[in-house]
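Novice: Numbering (the working numbering), first residue to last: 272 to 439. We put the beta carbon where it would ideally sit given N, CA and C, even for glycine. Have a look at this one before I ask anything.
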């Protein structure tokens, strides 16, 4: 994560703090846990402000999650009981508290992460996920399916009547 930009961008700064938090967990509690992928490290990707919260992807050797954190100086998200599923305008996730960071909502993208071979592949996946979550076209309804041509309507002349009604 870019430390210089994180100093001026609160969403990036929160992503950096969360990355540091999980680096500490990796170096202590998760150091030899078999669910960890030894090819991966800890990284925070694509953190940005959205709706008064910071959203981004956190990758660790044991998970890849979309996370949401309250931004400083923004109204906090509504309180929920730990483990409660919440809808935050993006895919649903769980709410939890981190001692040094505060509330972190997260939705698992992958856990465990054995199918990811390198940290570079993990970061590319995270960048694509962030793009997908924030791409406005992803929220547009799909185009209507093309009208099907019914041979009976064609032979009975109904198709011509439908075309005339559409053009008027």
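Going by C-alpha to C-alpha distance, which of 406, 415, 398 and 379 sits closest to residue 337?
Specialist: Start at 1 with the first residue of the chain shown, and residue 337 comes out as number 66. Checking every option, the nearest Cα to that of residue 337 belongs to 379.
Novice: Give me the Cα-Cα distance between residue 361 and residue 299, rounded to the nearest whole angstrom.
Specialist: Here residue 361 refers to the residue found at position 90 of the chain shown. Here residue 299 refers to the residue found at position 28 of the chain shown. Residue confidence for residue 361 is low, a pLDDT of 49 falling below 50, so the modelled location carries little weight; the figure read from the coordinates is stated next. Residue 361 and residue 299: Cα-Cα distance of roughly 32 Å.
Novice: Check whether the Cβ atoms of residue 286 and residue 315 lie closer than 8 Å to each other.
Specialist: Translated into the one-based positions of the chain shown, residue 286 becomes position 15. Translated into the one-based positions of the chain shown, residue 315 becomes position 44. Yes. Within cutoff.
Novice: Only counting the same chain, and skipping five residues up and downstream in sequence, which positions put a Cβ closer than 7 Å to that of residue 294?
Specialist: Counted from its first residue, the chain shown places residue 294 at position 23. These residues qualify, in order along the chain: 313.
Novice: Going by other Cβ atoms of all chains shown within 10 Å of its Cβ, with 16 needed for buried, is residue 327 buried or exposed?
Specialist: As a working mapping, residue 327 is identified with position 56 in the chain shown. Residue 327 is buried by the Cβ-count criterion.
Novice: Compare the beta carbon distance of residue 322 and residue 346 with 8 Å and say whether it is the shorter of the two.
Specialist: Position 51 of the chain shown holds residue 322. Position 75 of the chain shown holds residue 346. Contact: no.
Novice: Just verifying my parser: in three-state terms, what is the DSSP assignment at residue 356?
Specialist: Here residue 356 corresponds to residue number 85 of the chain shown, with the count starting at 1. Of the three classes helix, strand and coil, the one that applies to residue 356 here is strand, per DSSP.
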